[in-house]
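Here the working numbering is used: the sequence shown runs in plain steps of one and ends on residue 215.
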Amino acid sequence: MLFEAVMSATSPFNWVSQYFVGFFFAYGVYLPFWALWFEDQGVSSTDIGLLVGVLRPIHR
């Protein structure tokens with residue numbers, strides 16, 4: 156019952172802001188390690204540079 160009261164009292168802006176915080180937090184945690192993961196998967200250094208270089212501006 157208390158949970159329903161709290162859920163109905165929040166605005167859509169809270170939900171959107173929580174989504175963005177979660178998205179950018181996860182992105183910021185995983186982004187530094189993507190190059191290492193690509194290297195472990197056997198991707199060449201040139202391709203890793205291109206992939207990381209293309210992925211970063213998309214989310215800025």
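Glycine included, every Cβ here is placed at the ideal spot set by N, Cα and C.
- Apart from the 5 residues on each side of it in sequence, Phe168 has no Cβ closer than 6 Å to any other Cβ in its chain.
- Annotation: Gln196 is outside any alpha helix (DSSP H) and is labelled neither H nor E by DSSP.
- One thing to note: Ala190 has its Cβ no nearer than 8 Å to the Cβ of Val209.
- Distance between Ser199 and Ala181, taken at the CA atoms: about 25 Å.
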